[in-house]
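One structure is given here, and the rest of the page talks about it.
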Amino acid sequence: MKKSIIFASLLLLTFYLSSCTKELNNPRKGATDFDSFYENATVEDAEKLIAASYNIYFSGPEEVQVQNFFEIISDDITCGGGKYADNANRYRNADELTCQPSDWIFHGPRRGYSLYQSIYKCIYQCNLIIDKIPETDDTEMKRIKAEAMFLRAVSLFEGMRVWHDPPFADHIYTSEDMLAPNGDPAVMIDWILSNLSEAANILPSVPAKGQQSVIGGRATSGAALAFYGKAALWYGTQYNNVEYVKKAIDPLNSIIKSNLYDLVPNPQDLFRVKTDFCEEYIFERNCAETGSDKTMQNDNRQTWRSFQADNVYVPKAFKGYGWGFCNPSVEFIEFLKQHDGEDNIRFQAKLMSYDQLMDMEYADQNKGIKPGAYYTNHVGYWNATALMWDEDLYTETGNNFYSRANNPIIRFAEVLLMYAEAQFVANGDSDGSGLAALNRVRQRSQHPTLSTLTLQNIIDERRAELFSENERWFDIIRWKIADKVLENAGKKRYSFLGYKEGTKEYNIDVNGISKGEGNGWDDKYWQLPFGDNELQANPNLKQHTGW
Amino acid sequence: MKKNVRILCTLLLLAMPLFADAQNISVNGTVKDVHGVPVTGVSVVQVGNTANSAVTDLDGKYDISVPENSTLDFIFLGFRTQSIAVSGRQVIDVVLEEDAVLLEETVVIGYGIQKKSDLTGSVASIKESDLSNRSSVSAVEALQGKAAGVQIVNASGAPGSEPSIQIRGYSSNSSTTPLIIVDGLKVDNMNYLDPESISSVEVLKDAASAAIYGIEAGNGVILVTTKSGKNSEKGRVFYNFMSSTQSASHLPKLMDAKTYVEYQELQGNNSRSFWDGKTDTYWPDYMLEKGQAIRHTVGLEGSNEKSNLYISLTYIGNNGIIAGDKDVMKRLTGQINADYKIKKWLTVGTNNSIQKSMLRSVSEMQGINASLLGSMLVFDPIVPWTYDNNNLPEFVKKKLDSGMELPRDADGNIYGISSQNIGSLIYHPAVMRDRNDSQTDMFNLRGILYANLTPVKGLVITSRLGYRAGYSQQSSYNHAYRISDIGVQDMSLVGTSRNNLFYQWENFANYNKSIKKHNLQAMAGFSFQKSHNDYTQGTTYVLTDNAENYRYLSYATNDSRMAVAGVSTDRVTMSYFGRLGWSYDNRYMIQGNFRADAYDTSKLDPSNRWGYFPSVSVGWTLTNEQFMKSVKDALKLTFMKFRASYGVNGNVNAMGDYQYSDVLVASNSNGYNFTDYTGRIVGVSPSGVLPNPKIKWETSVQLDLGLDMRFLNERLAISIDWYNKNTNDLITSTTAPANTGSTTTYINAGKVNNHGTEFEVSWKENVGDFSYSVSGNLATLHNKVLEGTQVGRVAGYTVHTAEAVTYFEAGYPLWYLRLYEVQGVDQETGAVIYADHNGDNIINDEDRIYAGKGMPDFTYGFTINMAYKGFDFTLYGTGAQGVDRLYSMTRADNTTGNTLAEFYTDAWQNPQSTGYRHPKPTTDTKILCSTDRMFDASFFKIKQIQLGYSLPKNIVSKIKMGDLRIYVSLDDWITFTKYPGLDPEVGLYGSATNGLAVDTGSYPISKKLVFGLNVSF
């Protein structure tokens, strides 16, 4: 009897247990429900979404390693690094034009995801904000949606600059249509421009100096107009379509005339903390210290590009902790010597020579290249726009160093130069306002004004003014001069060994210590490749010729 | 048959002459088994005078001189011992009866036991006798070489490191460790078990045997049974002691200072200018010492007809071979097993393991600049151990002047610093050791509580509650130093507390019924499992004081970098399972298993949460067939059985959490600052996973064919298994079409095939007082990826700052080495000539080819046991053949590191060089990813040579002891290998095994001189 009671209760327990499948529901921690969040989003919620959008944008096309890549692949900058071999991140391939679709820049992930992925991640994030948050009359919400329009347009524009015809992500893809084909540039540019013009209408118009710091560098009407001009000019010149170049003129001109922006007097102050939220920056990455949480809002671009203390003694003004990547090329140094001259203020804002370095103040007697050491991919000039000024660093101690200096994405000098170019291409600068804009940039650099405008003037002024600002590669592609300026890409390697014994002459080794392995220009570089993983994931995506 | 024997014996007894004499007489006769076959090697011993004995010859005949009123024992393994009074007879023929107990040997299977003779699957059974007297401190190590197809993989030989078990090779792109069940409790590892407390280990190798564990059985199942008290009213108290001295068994030949400088010069580095011409430091000499390990076990066991009790307590202390006390493990383990038959129909019991341990370990396998083992092998030999404080080199003085905090030894001497410029990221091995103090303290309870009910004959209902609970406390303190501008480490302290709780409740019933020649078995049950883990972690960078007694989080000073972390995790599974078996006349057996498993929503979408795993197996014992009689006689075959099994297993462990869904994640690091100073806004964004609700567990399908044979009165046993296992639906993360905004999606893709043959042979024999046994096993392994997880190849392990070297790709073994092939050397320049496999005159990634693999072609092991009078001797060895390893100690961006001497001494040095193996030393990265750095890592190790002596019973009984045995043992003493690195047996073993073929500096398995003592009362 007792036994049967025990068995019966055991059986019952078993059935009881088998009925409690609810135990199998295990909600995820640290996650928010997808649909209801947008559906019921308050302004505060929407701010969290747009904050993430900015973050994704700045860690995508504007991220330091992506920027490094496009600097290095251009003719202005070489890979650098501790040793010639120290380029596991394939910068050497970029320098020597031996890239493959499996390289991280196309394939990823180097920092969690590739450039291609981060562009679409940003567009997706913005599409969700625009499509999923219900329409309201709330001005704050409208502003956030306009910021989303701005960021998705700028992201797709960056994608087009790199690949020309990447897939068009004007909507949220579903499992039905997710295998998107290559986009049509003509359709995409119109979408980009209409997004930017709509954003420009809604976003606030604020003077750069004084007010932009209040909003922490959020997108403004001016930023949308500047990118409108930039995108239209790029498309018009890339595809030889004057109609689009014309479209660039009015928005750029309205920025110039708005008096909300100006050039900072001394170009040497750019890229330093002292020019954070200055009158010249139209759109910038806010690298301010972030209060209690102290999350670094900067990437470590100064670390990548500063003096490598293994090879050279570092003056007191700088933190002696750099990796030595992205050194100015011989071609650029020669160009700038010709164009600006070594004593020019802008020359010194862009390049720092070994002589200058030796004249700086040091902690002790030691200075110069360390005994037995040499500096790879280097001819005695450093990139002065990305130095690790000790006074600019975060107050954090620790092993990695970040600069508080904001990173300008588009500045007034570029708007002036774009305007000059648009005027010249569209109407031969019929009213001379293009030349005036160009001369404004020249005057700031203490150069005499020019009396006539030529395309070569524009090309040279852009090269000098926008050095190491991630423009050169896209310029030489759209101007169709890449094959000429990169004819001998990667064939020569320079190593810098300091002064020749007992002289002030630079001791430069050519193709000895390290040897260039590049084969020069290849026509396939007119259009960069899609990553091989993307082609696998999306069979409808067609690879570019030659890759 | 047994009845016949009994009659025969009675007749024999009746035929005895009825007179007696006290004088010695000569007795002879023949010993046969019940089938009339003569038995060779039977010991015939005079009772009371064991010195007087004889052994039967090939015809089963013996001859012995004994007093006519004495008694003779006829002893032979596998047969019941017979005692026969001589009673003056001169001819005594004996028929030995097979020992029913032995033949009825049972094997533990999932949720039940089975007669070994009825087994239809491939189950390796390792008994107590195979495990006892092993000097290893880990139960896993004790399994090495004992069963074919069961490979023990050591990622490290450090104290407290946990070897992993691979059954029938690697079959997945993810971790492939088997499911381990101890006394019915699912456990995370079995290293906590003291080998002494294990009664048996069963390895379920084929899919049908494992299928009863369904979704977790895909990598095989290991069932461990701990001891219950032995059947003895008297009880037994025992104490075992072991002490071992350990040292490195195999040191690599590194370059000495002179060779090093010449080597560096040849590859274009001017190391000579940094050398004083005298210093020549061989770092392993400084960093290695003799390690000490001890083990004490004290225990008791006893039983009566109602209860069994086994209690043991083991202490292990192990200070490894790295100089200093940074590689230490201390562990206290208690095992308490008890059961009690309360009613005729009710037995209750509990088995518990209590473990308290402390672990300190040194860094290894992390790339050369981040580990002690790495720096010991690459630090420049031209750097001294320490400097003379009164005579510091200029550059060291300068460092001190500029405020560097240079690490010093206990006497205040500054440790040597690499003066070569790039050396700044590579530190002195002693700095690598001392830069961090970390310790993990752990407490764990693992156990079961069960009740067996037997309401009717043949039916056993079991209700079993299994539990694991424990906590661990980890503290890691980084010392501050500044060796150079780059070589900086801040003080930091990280404290982590972890709590874990797991319980499982299982109810199942076993039913057995025999009707005439039919035997029916049935089992059905239900299981519920839940785990809960919690952790809390704090990190600080400033303490109120850095003295040792302040290194606790309570003494942290508020600082913006202070960080906390912690989250709890729950996991639930639910399962139904059942088994049906039928056998007829001990000749034909068939068995079917079925399991249905559900996993919670952390792994599987609710629409897809149930998995179903069926299997079937059959057996045919040929030797029980009438028609086999003549064959049996001719071949002296006593037993032969065919087995075949087929089944489906799952592997849910390969799945990550919530891989099927996309969610919004709120995170501070994803936010942005919309003001000029504070006010960073938390960011909310999708996780980036393209949802795939259809994703499911990995599935393997395995066919196994086996043959068991025993010959010559059970002395020779041969077992052969052939298997073919296809693992499908590997879980892989792949690129999502990026235009969707997602970056990754998880899919089931890819297929891996493993097949192989396993042989086990054993021979045992007694010759008089001398008994011996020899057993050996060998398992071949063919592994191939049949379908990749994506188009093309998936890159695995990357040589630091160079390229990926292992790949997962269709048509090749799992994570094979894909390298540049060195075709030759230019005699003039010494330059490497790489094979240009695609013929485009450019040597790039496309020219790399399959070069080798980390998985052996076959593994093998053998054991020889011998006993003579009180002496016993064990020799056992194990090996792996056909395995390659890339010596990967050099970073691409640190070409000034030291390396193996042969890269210079056996390299091209000038155009006149001949007979070299390596090209001219070069700093080119490709060489690090080429066949030049790959070596054959096949090895054979004599794992143990042990000699023991048990004092005779009459002596130990005088000192009131039951047994007293002493032994000495040489463990891991001899290694045969061509591999030039530290230890071919250990290797980088990442979570996904993708670094299996890469050597980045693992802690070697030390050789040990062991002394031990076992006593019982």
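Residue numbers (our numbering), protein chains in the order written: chain F, 16 to 562; chain S, 478 to 1494. Ideal placement from N, C-alpha and C gives every residue a C-beta, glycine not left out. Only a predicted model underlies this, so the values are computations on that prediction, with no experimental measurement involved.
- Contacts with chain F (Cβ-Cβ distance below 7 Å) from the stretch 1058 to 1083 of chain S involve 1075, 1077, 1078, 1079, listed in chain order.
- In the DSSP secondary-structure assignment, residue 1240 of chain S is bridged to S:1193, S:1251.
- Taking residue 1066 of chain S as reference, the option from S:1111, S:1072, S:656, S:1119 with the minimal CA-CA separation is S:1119.
- If you compare the alpha carbons of S:936, S:950, S:1430 with that of residue 833 of chain S, the shortest gap goes to S:950.
- DSSP lists S:824 as the beta-bridge partner residues of residue 818 of chain S.
- Between residue 1023 of chain S and the set S:1333, S:1286, S:958, S:1009, the nearest pair of CA atoms involves S:958.
- Annotated three-state conformation of residue 791 of chain S is strand, per DSSP.
- Note that the stretch 853 to 864 of chain S touches the stretch 729 to 738 of chain S; at least 3 beta-carbon pairs, one per stretch, sit closer than 8 Å.
- Contacts with chain S at 9 Å (Cβ-Cβ) include residue 42 of chain F.
- Counting only the Cα atoms, residue 1211 of chain S lies some 34 Å from residue 1004 of chain S.
- Here the alpha carbons of residue 1074 of chain S and residue 1049 of chain S stand approximately 11 Å from one another.
- At a C-beta separation below 9 Å, residue 1161 of chain S has these neighbours in chain F: 47, 52, 60, 63, 64, 66, 67.
- The C-alpha of residue 792 of chain S is placed about 14 Å away from the C-alpha of residue 1489 of chain S.
- Residues are counted here when their Cβ sits less than 7 Å from a Cβ of chain S; for the stretch 175 to 190 of chain F these are 182, 184, 188, given in chain order.
- For residue 1450 of chain S, the three-state secondary structure derived from DSSP is strand.
- A direct Cα-Cα distance of roughly 5 Å separates residue 377 of chain F from residue 331 of chain F.
- Of all C-beta pairs linking the stretch 925 to 933 of chain S to the stretch 783 to 790 of chain S, fewer than three are shorter than 8 Å, placing the two stretches out of contact.
- Counted as a single uninterrupted DSSP element, the alpha helix (DSSP H) harbouring residue 203 of chain F occupies residues 200 to 217.
- Annotation: residue 137 of chain F is outside any beta strand (DSSP E); the continuous alpha helix (DSSP H) that includes it extends over 130 to 147.
- Using a Cβ distance threshold of 9 Å, residue 298 of chain F and residue 238 of chain F count as a contacting pair.
- About 4 Å separates the beta carbon of residue 369 of chain F from that of residue 395 of chain F, a gap short enough to meet the 8 Å contact definition.
- The beta carbon of residue 954 of chain S is closer than 6 Å to those of 914, 970, 1028 in its chain, skipping five residues each way along the sequence.
- Taking a C-beta cut-off of 7 Å against chain S, none of the residues of the stretch 511 to 533 of chain F qualify.
- Taking residue 233 of chain F as the centre and dropping the five residues before and after it, the same chain places the C-beta of 162 closer than 7 Å to its C-beta, in chain order.
- Fully contained in the stretch 1084 to 1139 of chain S are the following alpha helix (DSSP H) runs of length 4 or more, in chain order: 1106 to 1112.
- In the three-state reduction of the DSSP assignment, residue 1047 of chain S falls in the strand class, which pools E and B.
- For residue 802 of chain S, same chain residues with a beta-carbon under 8 Å away, outside a window of 5 residues either side, are 796, 837 in chain order.
- Listed along chain S are 1147, 1160, 1162, each with a C-beta nearer than 9 Å to that of residue 71 of chain F.
- Annotation for residue 1169 of chain S: 1137, 1222, 1223, 1224 place their beta carbon closer than 7 Å to its own, counting only its chain and skipping 5 residues before and after.
- A direct Cα-to-Cα measurement between residue 529 of chain F and residue 389 of chain F gives close to 11 Å.
- Residue 222 of chain F is outside the set of residues whose beta carbon lies under 9 Å from a beta carbon in chain S.
- Judged by DSSP secondary structure, residue 982 of chain S falls outside any alpha helix (DSSP H) and instead within the beta strand (DSSP E) spanning 969 to 992.
- Taking one beta carbon from each stretch, the stretch 1230 to 1239 of chain S and the stretch 1195 to 1206 of chain S have 3 or more pairs nearer than 8 Å; the two touch.
- Assignment of residue 404 of chain F by DSSP, reduced to helix, strand and coil, places it in the strand class.
- For the pair residue 658 of chain S and residue 643 of chain S, the CB atoms are not nearer than the 9 Å cut-off.
- Looking only at F:68, F:465, F:219, F:515, the smallest Cα-Cα distance to residue 169 of chain F is reached by F:68.
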